[in-house]
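Reading through the structure tokens given below for one structure.
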Amino acid sequence: MQSSEVEKDDEDDNQVDEGVFLQEIDQMLGSILLRGVKGIQRVFMLLHKVNFIGPDGEFDRKSEWFLEINGINLKQVLLVDGVDPAWTVSNNCVEIMTVL
Numbered sequence: 289m290q291s292s293e294v295e296k297d298d299e300d301d302n303q304v305d306e307g308v309f310l311q312e313i314d315q316m317l318g319s320i321l322l323r324g325v326k327g328i329q330r331v332f333m334l335l336h337k338v339n340f341i342g343p344d345g346e347f348d349r350k351s352e353w354f355l356e357i358n359g360i361n362l363k364q365v366l367l368v369d370g371v372d373p374a375w376t377v378s379n380n381c382v383e384i385m386t387v388l
């Protein structure tokens with residue numbers, strides 16, 4: 289066997305091993321919950337301008353970050369540290385009645 293044929297066989301073996309490895313990683317990542325709340329598929333960070341009354345009684349505006357989510361699990365979202373229940377809303381009436 290010539291050296292070029294040996295190198296080609298090694299490259300083919302490496303490509304097969306790499307393909308199997310990537311498939312295994314894909315399966316592992318699909319089966320674990322990295323962090324978050326079950327039932328929540330996506331989270332979007334949005335910057336909104338919020339009006340408020342300052343200490344001097346004057347109206348003022350400031351920017352605040354909000355998280356908008358796709359999914360349903362209001363009860364678990366309210367249990368997350370840092371979530372302000374006063375600012376948390378849902379458009380799922382059944383879930384609101386169940387949780388509250």
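In terms of my numbering, the sequence shown has 328 at position 40, counting the first letter as 1, and numbering is strictly consecutive.
C-beta atoms are modelled at their ideal positions from N, C-alpha and C, and glycine is treated no differently.
Remember, predicted model here, so these are calculated numbers, not experimental data.
message: Quick check: the Cα distance between Val368 and Glu306, rounded to an integer number of angstroms?
response: 39 angstroms
message: Considering only the alpha carbon of each residue, which of Asn358, Asn380, Val387 lies closest to Phe332?
response: Asn358
- prompt: How many Å lie between Lys337 and Leu355 at the Cα?
  reply: 14 angstroms
Beta carbon of Ile384 nearer than 8 angstroms to that of Leu366: no
field: Span of the alpha helix (DSSP H) around Leu367
entry: That residue, Leu367, is in no alpha helix (DSSP H); it is neither H nor E in DSSP.
- prompt: Thinking just about the alpha-carbon of each residue, which of Ile360, Val382, Pro343 is nearest to the one in Gly324?
  reply: Ile360
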